[in-house]
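Asker:
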Amino acid sequence: MKVLLTGATGFIGKALIAELIQQNFNISIAVRQKTSQFPDEVKQFVVGDFESNPDFSASLFEVDCIIHLAGKAHVIDKAKASVLDEFRKINTELTLNLAKEAATAKVKKFIFLSSIRVNGNQNDQPFLEIDTPNPQEPYAISKYEAEQGLLNLAKNSNLEVVIIRPPLVYGNNTPGNFGRLIRWAGAKFILPLPLGVVNNARSLIAIDNLVNFIIICSLHPKSANEIFLISDDDNLSTTQLLKKIAKAFNKKALLLPIPVSWMAFVAKLLGKEADAVRLFSSLVVDSSKARDLLDWHPVTTMDEQLCKIIKNEKNI
Numbered sequence: 325m326k327v328l329l330t331g332a333t334g335f336i337g338k339a340l341i342a343e344l345i346q347q348n349f350n351i352s353i354a355v356r357q358k359t360s361q362f363p364d365e366v367k368q369f370v371v372g373d374f375e376s377n378p379d380f381s382a383s384l385f386e387v388d389c390i391i392h393l394a395g396k397a398h399v400i401d402k403a404k405a406s407v408l409d410e411f412r413k414i415n416t417e418l419t420l421n422l423a424k425e426a427a428t429a430k431v432k433k434f435i436f437l438s439s440i441r442v443n444g445n446q447n448d449q450p451f452l453e454i455d456t457p458n459p460q461e462p463y464a465i466s467k468y469e470a471e472q473g474l475l476n477l478a479k480n481s482n483l484e485v486v487i488i489r490p491p492l493v494y495g496n497n498t499p500g501n502f503g504r505l506i507r508w509a510g511a512k513f514i515l516p517l518p519l520g521v522v523n524n525a526r527s528l529i530a531i532d533n534l535v536n537f538i539i540i541c542s543l544h545p546k547s548a549n550e551i552f553l554i555s556d557d558d559n560l561s562t563t564q565l566l567k568k569i570a571k572a573f574n575k576k577a578l579l580l581p582i583p584v585s586w587m588a589f590v591a592k593l594l595g596k597e598a599d600a601v602r603l604f605s606s607l608v609v610d611s612s613k614a615r616d617l618l619d620w621h622p623v624t625t626m627d628e629q630l631c632k633i634i635k636n637e638k639n640i
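One gets my numbering by counting positions in the sequence shown from 1 and adding 324 to each.
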């Protein structure tokens, strides 16, 4: 199978390419500029700045499947006239332009990495694929608009579309909040945190599980024109997660039993409500569709993935 990736140099892209090489896929990548991060067997197509309507046509010859990981997760300049428009340039417009070129080039399948935030930022019951989408911030809105455009394109062409909405992804060199937790646990002395009594539930997905699922979707005929929510087997509270990460480093987390209501109030005063939502609220997904339709099951546990993270940290 000949596969074309975007976002190859990112956290997920690097892990996916490593596994695709192991499984002897014919791999090419579309990049802004040439990179030395991959072996020569990974063919590179330099398409230029992704915000300047790049032409992907040369990279699409005889491609069977596109795995589209490239996206904008942050807008640095919040003073821009429209933050949503900044997200749309990459997450919506680039995605749909690439998909249209793919349809013209007779590419069979287009896998789009979306986000669980299309469903919403928190829940009381596990999210399902059939739930009404509820994107609440510009990033999620731009991803949802891309999804809608892709599904419409699939109806009017022979291009098969697969949409994956993962929750927080963790693994070696994880960016964002999870990466900060790894650095916290890996420090010589663990600082105490006021998170000893957070009784929520959060779904996460190990990078090895996500990579495995993406590859299954590329090969499985029943993945065509479907949306999937996927996660690890176990859901954890913020308190449980901190304890598990510290234990993986053979340390004990000092977590102070500060009431969540107090911390949420302080976060609101400081303008950190979004951070409070991620720390204190629940966000659980139901992965049963992926298991039932594609016979997918996680290939690793959090403990196993944390072990790989720690080994990587020690080797850096």
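For glycine and all other residues, C-beta sits at the position ideal for the given N, C-alpha and C.
1. If distances are taken between C-alpha atoms only, which option among Asn445, Asp558, Gly473 and Gln449 comes closest to glutamine 460?
2. How close, in whole Å, do the beta carbons of phenylalanine 311 and valine 371 come, if the pair is a contact with beta carbons under 8 Å?
3. If you reduce the DSSP assignment to three classes, tell me which class lysine 638 lands in.
4. Going by C-alpha distance, which of Ile351, Phe434 and Phe604 is nearest methionine 325?
5. So what does leucine 329 bridge to, in DSSP terms?
6. Going along the chain, which unbroken runs of the alpha helix (DSSP H) with 4 or more residues stay wholly within the region 485–521?
7. Hey, is the region 581–594 in contact with the region 510–521, meaning 3+ C-beta pairs nearer than 8 Å?
8. Mind checking glycine 595: buried by the 16 CB within 10 Å criterion, or exposed?
9. When the Cα atoms are used, what is the spatial distance from asparagine 636 to asparagine 497?
10. Taking the alpha carbon of leucine 452 as the reference point, which residue from Arg489, Ala591 and Ser466 has its own alpha carbon closest?
11. Once you ignore the five residues that flank isoleucine 540 on each side, which residues in its own chain have a CB closer than 8 Å to its CB?
12. Please name the residue in Ile531, Asn574 and Ala572 whose C-alpha comes closest to that of glutamate 343.
13. I'd like the list of long-range same chain contacts for isoleucine 633, defined as Cβ closer than 7 Å, with 5 residues on each side in sequence excluded.
14. Leaving out five residues on either side along the sequence, give the residues of the same chain with a beta carbon under 8 Å from the beta carbon of serine 561.
15. So does the region 431–443 actually touch the region 460–472, counting three or more Cβ pairs closer than 8 Å?
16. With DSSP collapsed to three states, give me the class of leucine 580.
17. Output the distance between the C-alpha atoms of glutamate 469 and arginine 615, rounded to the nearest integer angstrom.
18. Where does valine 590 fall in DSSP's three states?
19. From Phe434, Ala577 and Glu628, pick the residue whose C-alpha is nearest to that of phenylalanine 513; which is it?
20. Just the C-alpha distance for leucine 566 and isoleucine 336, rounded to the nearest angstrom, thanks.
21. Have a look at arginine 356 and proline 450 and give me their C-alpha separation to the nearest angstrom.
22. Using beta-carbon positions only, say whether serine 542 and isoleucine 391 come within less than 8 Å of one another.
23. Since I believe lysine 433 is in contact with valine 486 (beta carbons under 8 Å), could you give me their beta-carbon distance rounded to a whole number of angstroms?
24. Can you tell me whether glutamine 361 is buried or exposed, with buried defined as 16 or more other CB within 10 angstroms of its CB?
25. Can you tell which of Leu422, Ser612, Asn559 and Asp388 has the C-alpha that lies nearest to the C-alpha of proline 545?
26. With 16 other CB atoms within 10 Å as the buried threshold, where does alanine 423 fall?
27. Need the endpoints of the beta strand (DSSP E) that isoleucine 554 sits in, please.
Answerer: With the structure as the only source:
1. If you number the sequence shown from 1, residue 460 lands on position 136. Cα-wise, what sits closest to glutamine 460 is Asn445.
2. This structure cannot speak to residue 311, because the chain is shown only from 325 to 640.
3. Numbered from its first residue, the sequence shown carries residue 638 at position 314. It is helical.
4. Locating residue 325 in the sequence shown gives position 1, counting from the first residue. When only C-alpha atoms are compared, the closest one is Ile351.
5. Along the sequence shown, read from residue 1 onward, the residue named residue 329 stands at position 5. DSSP lists Ile353 and Ile391 as partners of leucine 329.
6. 500–510
7. yes
8. For this step, residue 595 is matched to residue 271 along the sequence shown. Glycine 595 should be labelled exposed.
9. Translated into positions along the sequence shown, residue 636 becomes position 312. Translated into positions along the sequence shown, residue 497 becomes position 173. If you draw a straight line from the Cα of asparagine 636 to the Cα of asparagine 497, it is about 8 Å long.
10. Position 128 of the sequence shown, counted from the first residue, corresponds to residue 452. Of the listed residues, the one whose Cα sits closest to leucine 452 is Arg489.
11. Position 216 of the sequence shown, counted from the start, is the residue given in the question as residue 540. Only Ser547, Leu618 and Trp620 meet the Cβ criterion.
12. In the sequence shown, the residue the question calls residue 343 occupies position 19. If we check each option's Cα against that of glutamate 343, Ile531 comes out closest.
13. For this step, residue 633 is matched to residue 309 along the sequence shown. Within the same chain, isoleucine 633 has close Cβ partners Gly495, Asn496 and Ile506.
14. On the sequence shown, position 237 is the one that residue 561 refers to. For serine 561, where only same-chain residues beyond five positions count, the Cβ hits under 8 Å are Val522, Asn523, Asn524, Ala525 and Arg526.
15. yes
16. Residue numbering aside, residue 580 sits at position 256 when the sequence shown is read from its first letter. Correct three-state label for leucine 580: coil.
17. Start at 1 with the first residue of the sequence shown, and residue 469 comes out as number 145. Start at 1 with the first residue of the sequence shown, and residue 615 comes out as number 291. Their backbone Cα atoms lie some 26 Å apart in a straight line.
18. Counting from 1 along the sequence shown, the entry for residue 590 is found at position 266. Helix.
19. For the purposes of this step, residue 513 is identified with residue 189 of the sequence shown, where counting begins at 1. Among Phe434, Ala577 and Glu628, the Cα nearest to that of phenylalanine 513 belongs to Ala577.
20. Translated into the one-based positions of the sequence shown, residue 566 becomes position 242. Translated into the one-based positions of the sequence shown, residue 336 becomes position 12. Rounded to whole angstroms, leucine 566 to isoleucine 336 spans 23 Å at the Cα level.
21. Along the sequence shown, one-based indexing puts residue 356 at 32. Along the sequence shown, one-based indexing puts residue 450 at 126. Arginine 356 and proline 450: Cα-Cα distance of roughly 38 Å.
22. On the sequence shown, residue 542 is found 218 positions in, with the first residue counted as 1. On the sequence shown, residue 391 is found 67 positions in, with the first residue counted as 1. A contact, by the Cβ cut-off of 8 Å.
23. By one-based count along the sequence shown, residue 486 stands at place 162. By one-based count along the sequence shown, residue 433 stands at place 109. That pair is a contact at about 7 Å.
24. Counting from one through the sequence shown, the residue named residue 361 turns up at place 37. By the neighbour-count criterion, in which 16 or more other beta carbons inside 10 Å mark a residue as buried, glutamine 361 falls on the exposed side.
25. Position 221 of the sequence shown, counting from 1, holds the residue named residue 545. The candidate whose alpha carbon is nearest that of proline 545 is Asp388.
26. Residue mapping note: residue 423 aligns to position 99 of the sequence shown, counting from 1. Sixteen is the threshold: when 16 or more other Cβ atoms of the shown chains lie within 10 Å of the Cβ of alanine 423, as they do, the residue is buried.
27. Residue numbering aside, residue 554 sits at position 230 when the sequence shown is read from its first letter. Per DSSP, isoleucine 554 belongs to no beta strand (DSSP E) and is neither H nor E.
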